[in-house]
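First comes the structure, then the notes that go with it.
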Amino acid sequence: MPAAEMLKLEDVHTFYGPVEALKGLSIEVRQGEIVCMIGNNGAGKSTALMTISGVLKPRTGAIFFCGERITGLAPHTIARMGISQVPEGRRIFPKLTVRENLEMGLYAVPARRGGDSPNRSSGSDRCESRLEKVFALFPVLKDRQKQAGGTLSGGEQQMLAIGRALMSEPKLLLLDEPSLGLAPLVAHRIFKTIQEINREGVTVLLVEQNARAALRLSHKGYVLENGRVALEGPSGELLNDERIRKTYLGE
Ligand SMILES: Nc1ncnc2c1ncn2[C@@H]1O[C@H](COP(=O)(O)OP(=O)(O)OP(=O)(O)O)[C@@H](O)[C@H]1O
Ligand SMILES: [Mg+2]
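Below you can see the structure in the form of structure tokens.
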């Protein structure tokens, strides 16, 4: 039986003033998958992620998350429902310490139904246990936790941005160009960690310039061109598609 549908975009149109950046985007992500979106500069990949997280409002079309319509909801509401975004360019807080940066990710933690009972773990215990999970994934962040975020290397800042997004224990993680500007070995390490996060149960929607790495890593891929889907399919098939090989894999 196929896994349950987690995210669905139906004919989404998003504008920047008069500029129509998404021209009827339709995609689907199932629970447990890594899905990638690849495409040239300006294809609409970042716009798609920001529309899903509620930072941008679509003019028309519908977005569903775990069966609920989330179109037009505020970003913090969408975050609390279980969608966490790692923005393009990481956007960590350079003057805050590594630990403080991670704690910022807690703002989206779901409110407990019926309130906290005394024998439930306290908020600070919860914070500690989540920090420990992030530190297990990225031990370097534990070593650097008192250091200002801005002093980290590019790869470490990417780890910090991913770690911060994981603090809210999302169901769906949106990643925008996690390998951008990183040396191949560091990028490889980030891709491995994305797989590890996915194996632990987090569904991933990944935007990448590195189409080959993204397709190798993911279960399903979408090729965006000019604000809509030009091609889609299982990533293994897309890797062998002649058009993709020529246009996106540089063969
Ligand atoms: N703030 C903005 N104001 C006006 N137009 C914008 C704005 N941001 C993006 N656009 C336009 O929307 C389109 C999609 O941009 P988007 O950033 O989503 O592309 P992308 O696929 O993420 O590209 P890249 O690979 O370069 O990150 C582009 O034509 C871009 O010029
Ligand atoms: Mg982008």
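Reminder that position 195 of the sequence shown reads as 1651 in the numbering used here, one-by-one numbering, no gaps.
For each residue, glycine too, the CB sits at the ideal point set by N, CA and C.
Keep in mind the model is a prediction, meaning the values are calculated, not measured.
Exposure label - residue i; buried when at least 16 CB within 10 Å
| i | result |
| --- | --- |
| S1691 | buried |
| D1581 | exposed |
| V1475 | exposed |
| D1628 | Rather than Asp, the amino acid found at residue 1628 in this sequence is Leu. It is buried - the Cβ of L1628 has at least 16 other Cβ atoms within 10 Å. |
| E1584 | exposed |
| R1568 | Because R1568 carries a pLDDT of 49, less than 50, the predicted location of this residue cannot be relied on, and no value is offered for it. |
| Y1704 | buried |
| T1516 | exposed |
| N1497 | exposed |
| G1570 | Summary for G1570: the model assigns pLDDT 44, below 50, so the residue's position carries little reliability; its value from the coordinates is reported in the next sentence. Looking at its Cβ environment, which holds fewer than 16 other Cβ atoms inside 10 Å, G1570 is exposed. |
| T1503 | buried |
| L1481 | buried |
| K1652 | Looking at the sequence provided, one finds Glu at residue 1652 rather than Lys. Answer is exposed; the Cβ neighbour count stays below 16. |
| L1641 | exposed |
| Y1678 | buried |
| E1664 | buried |
Terminal residues of the beta strand (DSSP E) in which residue i lies
| i | result |
| --- | --- |
| H1469 | E1461 to Y1472 |
| I1539 | I1539 to V1542 |
| R1486 | V1475 to R1486 |
| I1519 | T1516 to F1521 |
For residue i: DSSP bridge partner residues
| i | result |
| --- | --- |
| A1604 | T1553 |
| R1684 | E1681 |
| C1492 | L1662 and G1677 |
| D1632 | V1663 |
| I1700 | DSSP lists no partner for I1700. |
| I1534 | The partner list for I1534 (beta bridge, DSSP) is empty, contrary to what the question assumes. |
| R1525 | F1520 |
Selected residue, minimal CA-CA separation from residue i, among the options
| i | options | result |
| --- | --- | --- |
| A1674 | A1504, M1506, H1469 and I1494 | The question names Ala, yet the displayed sequence has Ser at residue 1674. Ranking A1504, M1506, H1469 and I1494 by Cα distance to S1674 puts I1494 first. |
| L1478 | Q1487, K1501, G1689 and R1486 | K1501 |
| M1462 | E1489, E1656, G1606 and T1533 | E1489 |
| T1649 | G1528, P1531 and K1589 | K1589 |
| G1637 | R1655, Q1613 and R1668 | Q1613 |
| L1662 | F1549, L1631 and R1555 | L1631 |
| E1433 | L1465, G1473, M1537 and C1522 | Absent from the structure is residue 1433, since the part of the chain shown begins at 1457 and ends at 1707. |
| Q1603 | E1707, Q1665, K1551 and M1623 | K1551 |
| T1470 | I1483, Q1487, K1513 and R1486 | K1513 |
| E1633 | Q1541, N1696, E1559 and G1523 | Q1541 |
| L1597 | L1680, E1559 and V1485 | E1559 |
| C1492 | L1687, G1657, D1599 and Y1563 | L1687 |
| F1520 | E1544, Y1563, Q1601 and I1483 | I1483 |
Boundaries of the alpha helix (DSSP H) in which residue i is found, first to last residue
| i | result |
| --- | --- |
| K1648 | P1640 to R1655 |
| C1583 | G1579 to L1593 |
| Q1614 | G1610 to L1622 |
| T1507 | K1501 to I1508 |
is_contact[residue i, chain B] using C-beta, thresh 8 Å
| i | result |
| --- | --- |
| V1679 | No chain B appears in the structure shown, which is made up of a single protein chain. |
Nearest-residue set for ligand 1, Cβ under 5 Å from any heavy atom: Y1472, V1475, A1477, N1497, G1498, A1499, G1500, K1501, S1502 and T1503
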